[in-house]
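There are 2 protein chains.
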Amino acid sequence: STRRPREHRVKGFTHCQREHLGTRLLSEQLPVDLVRSVTCQVCHHLLSEPVQAPCRHVFCHGCIVRYCRALGPYCPACSQPCSALDLTAPANVFLALLNSLPLRCPTRTCGEQVRLDGFRAHCEAHQLEDEGGRGTPPAACDDLTPNKGG
Amino acid sequence: STRRPREHRVKGFTHCQREHLGTRLLSEQLPVDLVRSVTCQVCHHLLSEPVQAPCRHVFCHGCIVRYCRALGPYCPACSQPCSALDLTAPANVFLALLNSLPLRCPTRTCGEQVRLDGFRAHCEAHQLEDEGGRGTPPAACDDLTPNKGG
Ligand SMILES: [Zn+2]
Ligand SMILES: [Zn+2]
Ligand SMILES: [Zn+2]
Ligand SMILES: [Zn+2]
Ligand SMILES: [Zn+2]
Ligand SMILES: [Zn+2]
Ligand SMILES: [Zn+2]
Ligand SMILES: [Zn+2]
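Residue numbers (my numbering), protein chains in the order written: chain L, 1019 to 1168; chain A, 1019 to 1168.
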């Protein structure tokens, strides 16, 4: 339908909902403005391969490229000019913060806190443990119900 | 004058302009939303002894206490209820980020990048070097001109 709210249209448009991680995985009650600063303002997931526009807004690389291709070379957050050539790597201190964010493993029997940069490997290890297929699938951003199977 | 813009009135009201550090000290071109997340929304300085309200907005402890005493127990950012009893320490991952922010030393002959949690000690060391009084004063948030004296 073309009547879905904008957020859902953008999610469809960026095709990232199976790959990116949702902010609900954050295991601590972090300040809302900090959560916003590590959230892509195009897809509303945790930033994945973040790049910085000249206006210093930050997006997933895939999201900003697809957004600008579809809607023109302007920042989705502030509408200042922003072409693919203008994108740069964010400061290391920011990337270090992002990578160190604590996420909660959604596997029912686990619940561990895992750093963002170790999260995928952690989830893949659960899959290997549970080869039979009765385990929890790896966490996609919109699929955090921990006990579907069983 | 009572006609100064609101920001200046609040700065006067919180009496922190000689103590807190300005965001212009940040030595890197950090994402704007990250800078916002480490800025007190009462005084607009870098957060000093931050505390978190139930709505997960964060302020300098002194600022939110003075603000609520003057204007009532409501969050300055979102107007949800917020009394002194509701304030908690922000998550450690947030405090670690704040303390690790790289600031630029404003002493003319230095210009080093210094972590926020080592910044005051660094500036005090410059003062000791320059006992004669010809050195640059320690950085106050609104006083970053590095070469006033001579
Ligand atoms: Zn996404
Ligand atoms: Zn994105
Ligand atoms: Zn922008
Ligand atoms: Zn786990
Ligand atoms: Zn202040
Ligand atoms: Zn403040
Ligand atoms: Zn609030
Ligand atoms: Zn210095």
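Positions of the beta carbon are idealized from the N, C-alpha and C atoms, including for glycine.
Just so you know, these numbers come straight off a predicted model, no measurement behind them.
- Listed along chain L, the residues sitting closer than 7 Å to A1109 (chain A) by beta-carbon distance are E1046, Q1047, L1048.
- Going by beta carbons, F1137 (chain L) and L1043 (chain L) fall inside the 9 Å limit.
- Going down the chain, each residue whose beta-carbon is closer than 6 Å to a heavy atom of ligand 7 shows up: A:A1071, A:C1073, A:H1075, A:C1093, A:A1095, A:C1096, A:Q1098.
- Relative to ligand 6, T1032 (chain A) has its C-beta within less than 8 Å of a heavy atom.
- The DSSP assignment places 1079 to 1089 as complete runs of the alpha helix (DSSP H) inside the region 1062 to 1098 of chain L, in order along the chain (cut-off: 4 residues).
- Taking 9 Å as the cut-off, the beta carbon of A1095 (chain A) is found closer than this to the beta carbon of C1073 (chain A).
- When distances are taken from the beta-carbon of C1100 (chain L) to the heavy atoms of ligand 3, the shortest one is below 8 Å.
- The beta carbon of Y1092 (chain L) is closer than 8 Å to those of C1086, Q1098, P1099, C1100 in its chain, skipping five residues each way along the sequence.
- The Cβ atoms of Q1059 (chain A) and T1106 (chain A) lie no closer than 9 Å to each other.
- Look at the region 1095 to 1121 of chain A: the residues with a C-beta under 9 Å from a C-beta of chain L are A1095, C1096, T1106, P1108, A1109, N1110, V1111, F1112, A1114, L1115, S1118, L1119, P1120.
- When DSSP assignments are scanned along the region 1119 to 1152 of chain A, the uninterrupted stretches of beta strand (DSSP E) that are 3 or more residues long and fall wholly within it turn out to be 1120 to 1122, 1131 to 1133.
- L1048 (chain L) and A1109 (chain A) do touch by the CB rule: their CB atoms are close to 5 Å apart, below 8 Å.
- Assigned with DSSP and collapsed to three states, L1115 (chain L) falls in helix.
- Taking the beta carbon of H1075 (chain L) as reference, the chain A residues within 8 Å of it are P1049, V1050, D1051, listed in sequence order.
- Taking the Cα of A1102 (chain A) as reference, the smallest distance to any Cα among A:G1080, A:N1117, A:A1139, A:L1113 is reached at A:G1080.
- In summary, L1134 (chain L) is buried, with 16 or more beta-carbon neighbours lying within 10 Å of its beta-carbon over all protein chains present.
- At a beta-carbon threshold of 7 Å, the residues of chain L lying near Q1070 (chain A) are P1049, ordered along the chain.
- At least one C-beta of chain A is nearer than 9 Å to the C-beta of R1054 (chain L).
- Distance check between V1050 (chain A) and each of L:E1142, L:R1122, L:F1077, L:L1089 places L:F1077 closest, using alpha-carbon atoms only.
- At a threshold of 8 Å, C1086 (chain A) does not count as near ligand 2, since its beta carbon sits no closer than that to any of the ligand's heavy atoms.
- C-alpha of S1066 (chain A) to C-alpha of L1116 (chain A): approximately 10 Å in a straight line.
- DSSP places L1043 (chain L) in the helix class (H, G or I) of the three-state scheme.
- For the options L:L1146, L:L1089, L:F1112, the alpha carbon positioned closest to that of S1118 (chain A) is the one of L:F1112.
- Counting only residues of its own chain and dropping the five nearest sequence neighbours on each side, V1083 (chain L) has a CB closer than 7 Å to the CB of A1102.
- Taking R1036 (chain A) as reference, the option from A:V1132, A:V1056, A:L1064 with the minimal CA-CA separation is A:L1064.
- Taking the Cβ atoms as the reference, H1140 (chain L) lies roughly 5 Å from V1132 (chain L), within the contact range of under 8 Å.
- Cβ atoms of L1121 (chain L) and S1055 (chain L) stay farther apart than 8 Å, at about 16 Å.
- Taking the Cα positions, C1034 (chain L) is about 14 Å away from P1068 (chain L).
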